[in-house]
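Numbering (our numbering), first residue to last: 95 to 207. For glycine and all other residues, C-beta sits at the position ideal for the given N, C-alpha and C. As the structure is a computational prediction, the values presented were derived from the model and not from experiment. Structure first, commentary second.
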Amino acid sequence: MDTIFQKIIKREIPADIVYEDKDIIAFNDINPQAPIHILIVPKKIIETLNDINENDEKLIGRMFTVAKFLAKKNNISETGYRTIFNCNDDGGQTVYHIHLHLLGGRALNWPPG
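Here's what the structure looks like:
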């Protein structure tokens with residue numbers, strides 16, 4: 095069964111897409127935790143960080159390059175931002191298709207939840 099992210103990639107459900115290339119899609123989170131909250135999602139299905147393998151290293155690096163690009167595009171690269179991967183239930187993962195959260199636009203507290 096497809097995850098919500100796979101359905102977005104296939105254009106089966108709408109999303110506010112802010113970036114896309116052949117490997118990655120990025121869209122605004124529907125439940126934002128900051129003024130800027132973008133999800134950066136590989137088109138390749140990788141369920142959790144535990145499922146990444148050596149062949150995925152370039153793709154995972156590309157996710158961070160896209161995060162940097164989107165931070166600059168959204169004028170948060172100078173003031174600061176946070177990138178987060180969640181892994182499994184205790185790590186806060188709710189969709190089992192890895193995704194990188196890009197958050198910014200306000201001061202972010204530490205420690206997080």
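Residue i versus residue j: straight-line alpha-carbon distance, rounded
| i | j | result |
| --- | --- | --- |
| W204 | T173 | 16 Å |
| Q100 | K138 | 9 Å |
| Q127 | I134 | 15 Å |
| L143 | K162 | 20 Å |
| P108 | N147 | 30 Å |
| P136 | N182 | 17 Å |
| V112 | D96 | 22 Å |
Distance CB(residue i)-CB(residue j) smaller than 8 Å
| i | j | result |
| --- | --- | --- |
| R176 | G199 | no |
| H211 | I178 | Coverage of the chain is limited to positions 95 through 207, which leaves residue 211 absent and any answer about it impossible. |
Limits of the unbroken beta strand (DSSP E) element including residue i
| i | result |
| --- | --- |
| F121 | 118 to 122 |
| R176 | 175 to 178 |
Endpoints, the alpha helix (DSSP H) within which residue i is located
| i | result |
| --- | --- |
| V112 | V112 -> not in any alpha helix (DSSP H); beta strand (DSSP E) instead, spanning 111 to 114. |
| G155 | 151 to 167 |
Test: residue i CB closer than 8 Å to a CB of chain D
| i | result |
| --- | --- |
| R156 | In the displayed structure, chain D is absent; only one protein chain is listed. |
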